[in-house]
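In the numbering used here, the protein residues as written are 14 to 264. Beta carbons are placed, not taken as given, at the ideal position from N, Cα and C, and that holds for glycine. Predicted model only: the values in this text are computed from it and were never measured. Here is the structure we will look at.
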Amino acid sequence: IRLLEEFLDTKLFIRKNSRIELTPESSATVADITHALDLINEAVLALLRCCDEDVKHQELFRGFNAAFEVDFGTPCSFVGPPPHVVREVLGHHPLAVLLLTAMLDWVTQRHHLEGFRHPDQPIDPCFRRLLQVHWLEESGHGKLDLLEIRRVARGLSEAELHHVFDDLAALCGVVDGLLAAQAALEVRAVTRHLALYLEHDLAGRLEAALWRGHRWTFLGAGLSHPVITRVVEEQMPAEVGRLEALAAHFC
């Protein structure tokens with residue numbers, strides 16, 4: 014009880030004769046604690062829902078990939094392995110990881126609104142619907158990202174935030190390397206499927222074109238997203254110029 018009272022800086026109990034009773038001040042404190050516990054419970058449930066939905070998204074895209082390969086007739090390889098990518102990403106500052114996560118969550122909105130929403134575009138309806146549903150759920154994740162970014166950024170010095178942005182730039186470089194490798198794998202899958210032999214120069218040009226598209230899709234579109242710009246202006250205003258330069262590099 015003494016430890017709890019010291020932590021709360023409030024006298025919770027008094028002794029009357031042989032009984033221990035709550036002090037008048039403790040009622041408000043207990044109400045505050047109850048409210049705080051309710052908020053913690055809601056936050057934990059929100060994070061659990063986020064995790065459940067992300068696992069569902071992984072299964073969704075695995076199913077989509079399996080269906081694609083059945084019709085395409087040729088296996089498609091992906092960069093990885095995932096544990097290696099996870100270790101590389103989590104080796105950076107937590108706030109940089111959160112900013113990258115927010116970028117990738119909010120960019121799904123941009124993909125849907127700018128690339129797939131218009132009904133006149135010649136896009137498979139199933140694929141259009143998949144991206145729409147993906148964005149609708151990622152919108153909730155994006156809002157959680159912003160809350161976590163504000164929590165982690167609170168109290169960091171300008172020098173620490175400068176280091177965070179260094180880490181964000183490094184993470185974008187890691188993703189860029191993965192996108193380049195993925196572009197090469199995709200060119201190989203198409204050439205296998207079509208039984209084509211491409212001259213080295215032509216294959217290189219195709220890989221470079223795909224890489225440029227991937228860079229914009231995941232990095233340029235994310236770094237220049239209005240929500241990301243706004244959160245950097247709000248939490249690390251000294252880094253806005255660097256954000257604009259980094260976004261321009263990948264656009």
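Hey, could you find the ends of the alpha helix (DSSP H) residue i is sitting in?
i	result
residue 207	171-207
residue 152	138-166
residue 247	239-248
residue 211	Where residue 211 is concerned, there is no enclosing alpha helix (DSSP H), given that its DSSP letter is neither H nor E.
residue 109	107-123
residue 263	253-263
If residue i sits next to residue j, beta carbons under 8 Å apart, how far is it from one beta carbon to the other, in whole angstroms?
i	j	result
residue 180	residue 106	4 Å
residue 252	residue 244	Actually they do not touch by this definition, with Cβ atoms about 11 Å apart.
residue 199	residue 223	6 Å
residue 111	residue 129	Wrong, their Cβ atoms sit about 27 Å apart, outside the cutoff.
residue 92	residue 238	So it is not a contact: roughly 23 Å between Cβ atoms.
residue 116	residue 241	6 Å
residue 193	residue 89	No, residue 193 and residue 89 are not in contact; Cβ-Cβ is about 17 Å, not under 8 Å.
Within 10 angstroms of the Cβ of residue i, are there 16 or more other Cβ atoms? Answer buried if so, exposed if not.
i	result
residue 170	exposed
residue 235	buried
residue 151	buried
residue 155	buried
residue 206	exposed
residue 44	exposed
residue 55	exposed
residue 228	buried
residue 178	buried
residue 213	exposed
residue 133	exposed
residue 162	buried
residue 82	exposed
residue 125	buried
Quick one: what does DSSP say residue i is sitting in, helix, strand or coil?
i	result
residue 77	helix
residue 92	coil
residue 71	helix
residue 87	coil
residue 104	coil
residue 133	coil
If we cut at 7 Å on Cβ distances, does residue i have a partner in chain B?
i	result
residue 79	In the structure shown, chain B does not exist; there is a single protein chain.
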